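Student: Keeping their order, the protein sequence lines are chains A and B.
Using the working numbering, read the first sequence as starting at 1 and increasing by one per residue.
Using the working numbering, read the second sequence as starting at 1 and increasing by one per residue.
There are 2 protein chains.
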Amino acid sequence: MAQAGLNMSRRIRRTPYTDRVEAHGVRGFSVVNHMLLPKAFQPDVEDDYFHLRSNVQIWDVAVQRQVQITGQDAARLVQMMTPRDISAAVTGQCLYLPLIDQNAGMLNDPVLLKLGEDSFWLSIADSDILLWANGIAVGHGLNVAVEEPDVSPLAIQGPKAEAVMTSLFGPDIAALGHFRFGIFDVLGTRQLIARSGYSKQGGFEIYLQDGALGSALWDLIWDAGTDYDIRPGCPNLIERIEGGLMSYGNEFTRDNNPLECGFGPLCHLGDDIDYIGKAALRKLAERGPQRLLRGLKFGGGPTPPCGKPFPVTCDDGQVVGQITSGIYSPRLGCNVGMSMVEKSHWDFGTRLYVHTPDGAVRDATVEPFPF
Amino acid sequence: MAQAGLNMSRRIRRTPYTDRVEAHGVRGFSVVNHMLLPKAFQPDVEDDYFHLRSNVQIWDVAVQRQVQITGQDAARLVQMMTPRDISAAVTGQCLYLPLIDQNAGMLNDPVLLKLGEDSFWLSIADSDILLWANGIAVGHGLNVAVEEPDVSPLAIQGPKAEAVMTSLFGPDIAALGHFRFGIFDVLGTRQLIARSGYSKQGGFEIYLQDGALGSALWDLIWDAGTDYDIRPGCPNLIERIEGGLMSYGNEFTRDNNPLECGFGPLCHLGDDIDYIGKAALRKLAERGPQRLLRGLKFGGGPTPPCGKPFPVTCDDGQVVGQITSGIYSPRLGCNVGMSMVEKSHWDFGTRLYVHTPDGAVRDATVEPFPF
């Protein structure tokens, strides 16, 4: 079953943009961080994909909740949570990083925003990192406050995003480097805008502080975008897979370590910094990863939706992976997917087989990202 | 919008019973603890309500994930997380308890199962308590393991539940006291069964260990239930509200304290036990709660679905609460709802007004549970 009704309740939180998203005829949601994430607009994901690659879209990604860590021990707490060395980070910088537990199991893959020397946001994927951060803080008696502020990111994505944003906020916004943020005048308030987003088409994220401005901000962007064929959108499954953007809970869980997820180059194993899980991660690094997240192209026509992972086998029938996100790419004329693949079969070019729920066995090849 | 499509992915985990639930034509889901919770079967919630009150139902409540805490410091960690005194709990007992943070904000309201002196399960509502418990454990350097085991509760609820369970497991199951559990032979394995469940109609929960047995367990119960008109069901909104069963994320959040939620009698404030948030809770207790969770009956015909809370006002127009769960009760011939109500207006019999999204203003009365 690809889609069933979602029962609404206060527990599945609406965002500051949900009214607008509904007015645009949203057809489906997912739930991330106890909040609604739009997942489908008309006409369909393929049309949406081509539009994203050539125009500009506005995305309600308020589910990217911020875990705000402030206070004298803030930098210390953030460093305790990640194997990435954050000591050289500067204010105004975004850093993509793995969060791990004492066994080096992945807990999340947020973007860290350094707001100041004693002030950080973790822009999180789908797990309650606020509880993890606060638990560590309480246990260690750290001098920090761990909170979820009223911050709701709105993404402007696509090759025409810069033109739309420049028309509103002037040339300073075009000068922002990748994964850098600045503070801009928006609707008479000061708001944080980063050059970032969950696509490979370029764009910005406005970290709106004050949910009451949600509809006004949406309308501001929308009106500026009409000359650029702006449309409502959402993270696009085809584009995300082709770009190699993984998703916590889908491609990897607490059962995976950061080396398997491709975070190896970001994992600092030296004595000069310390973090939870370092001993476990050092042991894993000595042995080396036994599987890696890989991209697969596979044939046989469009697959059924990937609600349950599709087993991936090799020539002798042994299971060597599972497609955890997969869909047909109309541009490539084949299916694209992501799978953890065992070391024995992770080389690019390896021939594998994907077993889809329609009973088909599809020829597959391990390929480097981006597709 | 009451219902929209839910996009399926691995991240929204299926349960060991989802195949069976889909075969029975489930019409809607919610998402709890990153997992599917069935929310609607045909024909409708009203028919389902009357059936639950007079027969027996089988519910997939695998979303009630277990946070397993074992080891030398297990009891200490559990006590650190709750103001309820657990020192007198005995093995085989279930305890409903509030979990709070250092500010006495509610984090969850699980059922604690005492498996042994050094072994506990927290059967949780919708927040990642595993991360909270593990964060505290790591921070304090406690000698415990905090894990999510392969345990998926299946509930058998309704007045005929005991007859069905006795036919399968013999008279010992009928001898189980309320909120007590025992270990029983099930499908050639030993399984924990408790007299408990998220309804006021009586029943049992089988804490199935080994998800591979999900369909077999479902079929076992189903076959035994055919003589008792068993049906697939789920926590029923009408029955839940009438019974005064609150829901974390709906009726209360981290912004509420346990006194407001009615946990006052369970909150131990003495010097003999210690827990996180005790200082904050003592201050709150000195002043007394300023609002309480209350039941309201309100008229004017069936309400639209309660996707956004309905404001509750008093005679002078001031907002004194909000309906966070509400629905029409065909038995009572009026709407029933739950709301935190300010102290000035929480007395039973107080006349209030509920503002529903259809524009109606409905007369309401504060009433004691159960309705």
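Where a beta carbon is used, it is the ideal one built from N, C-alpha and C, also for glycine.
Computed from a predicted structure; not experimentally measured.
Using only CA atoms, which one of A:R294, A:V336, A:N335 and A:V366 lies nearest to T350 of chain A?
Tutor: Looking at the Cα atoms, A:V366 is the closest of the given residues.
Student: Is H345 of chain A helix, strand or coil when you go by DSSP?
Tutor: Here H345 of chain A sits in helix by DSSP.
Student: Any beta carbon from chain B within less than 8 Å of Q3 of chain A's own beta carbon?
Tutor: Per-residue confidence for Q3 of chain A stands at a pLDDT of 47, beneath the threshold of 50, marking its modelled position as unreliable; the derived number appears in the next sentence. Yes, contact with chain B.
Student: Kindly indicate which three-state DSSP category P43 of chain B falls into: helix, strand or coil?
Tutor: Residue state, collapsed to three classes: coil.
Student: Helix, strand or coil for S199 of chain A per DSSP?
Tutor: In this structure, S199 of chain A counts as coil in the three-state DSSP scheme.
Student: Sorted by chain position, which residues of the same chain lie with C-beta nearer than 7 Å to N108 of chain A's C-beta, five sequence neighbours on each side aside?
Tutor: Contacts found: L99, I124, A125, S127, I129 and Y248.
Student: Starting from V146 of chain A, trace the beta strand (DSSP E) in both directions and tell me its first and last residue.
Tutor: Unbroken beta strand (DSSP E) run through V146 of chain A: A145 to E147.
Student: Have a look at Q209 of chain B and V61 of chain B and give me their C-alpha separation to the nearest angstrom.
Tutor: Approximately 14 Å between the Cα atoms of the pair.
Student: Is S54 of chain A helix, strand or coil by DSSP?
Tutor: Residue state, collapsed to three classes: helix.
Student: Go through its chain and collect everything with a Cβ distance to L284 of chain A's Cβ below 7 Å, but skip five positions before and after it.
Tutor: Excluding sequence neighbours, L284 of chain A sits near A104, N257 and L259.
Student: So with Cβ pairs under 8 Å, would you call G92 of chain A a contact of chain B?
Tutor: So no, G92 of chain A is outside the interface.
Student: Suppose contacts are defined by Cβ-Cβ distances below 8 Å. Is P110 of chain A in contact with L97 of chain A by that definition?
Tutor: In contact: P110 of chain A and L97 of chain A (Cβ atoms closer than 8 Å).
Student: Just to check my reading of the structure: A75 of chain A and E117 of chain A have Cβ atoms closer than 8 Å, yes? What is that Cβ distance to the nearest angstrom?
Tutor: Yes, A75 of chain A and E117 of chain A are in contact; Cβ-Cβ is about 7 Å, under 8 Å.
Student: As a quick exercise: from B:A224, B:Q157, B:L292 and B:G135, pick the residue whose alpha carbon is nearest that of N55 of chain B.
Tutor: Considering only alpha carbons, the answer is B:Q157.
Student: Between which two residues does the beta strand (DSSP E) harbouring N108 of chain B extend?
Tutor: Here the beta strand (DSSP E) through N108 of chain B covers M106 to N108.
Student: Return no unless some Cβ of chain B is closer than 8 Å to the Cβ of D315 of chain A.
Tutor: Not one chain B Cβ lies under 8 Å of D315 of chain A.
Student: Determine whether the Cβ of A74 of chain A lies closer than 8 Å to any Cβ atom of chain B.
Tutor: Not one chain B Cβ lies under 8 Å of A74 of chain A.
Student: Determine whether the Cβ of L107 of chain B lies closer than 8 Å to any Cβ atom of chain A.
Tutor: For L107 of chain B, the answer is yes, since a Cβ of chain A falls inside 8 Å of its Cβ.
Student: May I ask you to list the residues that DSSP assigns as paired with T70 of chain B?
Tutor: Answer is B:S119 and B:A145.
Student: Whole angstroms are fine: how far does the CA of G5 of chain B sit from the CA of Q42 of chain A?
Tutor: Straight-line Cα distance between these residues: approximately 13 Å.
Student: Within 8 Å of any Cβ in chain A, is that where the Cβ of F29 of chain B sits?
Tutor: Chain A, which has a Cβ nearer than 8 Å to the Cβ of F29 of chain B, makes this yes.
Student: Which whole-angstrom value is the C-beta distance of A161 of chain B and G214 of chain B, which I expect to be below 8 Å?
Tutor: Actually they are not in contact, since the Cβ atoms of A161 of chain B and G214 of chain B sit about 19 Å apart, beyond 8 Å.
Student: Can you find a CB in chain A that lies within less than 8 Å of the CB of N250 of chain B?
Tutor: Chain A, which has a Cβ nearer than 8 Å to the Cβ of N250 of chain B, makes this yes.
Student: Contact criterion: CB-CB distance below 8 Å. Does R10 of chain A meet it with respect to chain B?
Tutor: Cβ-Cβ to chain B under 8 Å: yes for R10 of chain A.
Student: Which term fits A2 of chain A, buried or exposed, when burial requires 16 or more other beta carbons within 10 angstroms of its beta carbon?
Tutor: Low confidence applies here, because A2 of chain A scores a pLDDT of 37, under 50, leaving its location unreliable and the question unanswered by this model.
Student: So, at 7 Å on beta carbons, what are the nonlocal neighbours of R20 of chain B in its own chain, with the 5 sequence-adjacent residues on each side left out?
Tutor: Cβ neighbours of R20 of chain B beyond the five flanking positions: S215 and W218.
Student: Consult DSSP for K160 of chain A and reduce its assignment to one of helix, strand or coil.
Tutor: Residue state, collapsed to three classes: coil.
Student: Would you call the CB atoms of G326 of chain A and V336 of chain A closer than 8 Å?
Tutor: Yes; because the gap between Cβ atoms is below 8 Å, this pair is in contact.
Student: At a Cβ threshold of 8 Å, is D210 of chain B touching chain A?
Tutor: With 8 Å as the cut-off, D210 of chain B does not count as an interface residue toward chain A.
Student: Mapping DSSP to helix, strand and coil, what is M1 of chain A?
Tutor: Annotation note: pLDDT 36 at M1 of chain A (below 50); position unreliable, coordinate value reported separately. Reduced to three states, the DSSP call for M1 of chain A is coil.
Student: Would you check if there are 3 or more beta carbon pairs closer than 8 Å linking the region 234 to 252 of chain A to the region 193 to 202 of chain A?
Tutor: Result yes; three or more Cβ-Cβ pairs closer than 8 Å.
Student: Tell me whether R373 of chain A sits in a helix, a strand or coil according to DSSP, three-state version.
Tutor: Absent from the structure is residue 373 of chain A, since the part of chain A shown begins at 1 and ends at 371.
Student: Tell me whether R294 of chain A sits in a helix, a strand or coil according to DSSP, three-state version.
Tutor: In the structure shown, R294 of chain A sits in a strand (DSSP, three-state: E or B).
Student: I need the boundaries of the alpha helix (DSSP H) containing T18 of chain A, first residue and last residue.
Tutor: T18 of chain A -> alpha helix (DSSP H) spans T18 to A23.
Student: Run through the DSSP bridge pairs and tell me what M165 of chain A is partnered with.
Tutor: Answer is none; M165 of chain A lacks a bridge partner.
Student: Buried or exposed, going by whether 16 or more other CB atoms sit within 10 Å of the CB of D101 of chain B?
Tutor: That one is buried.
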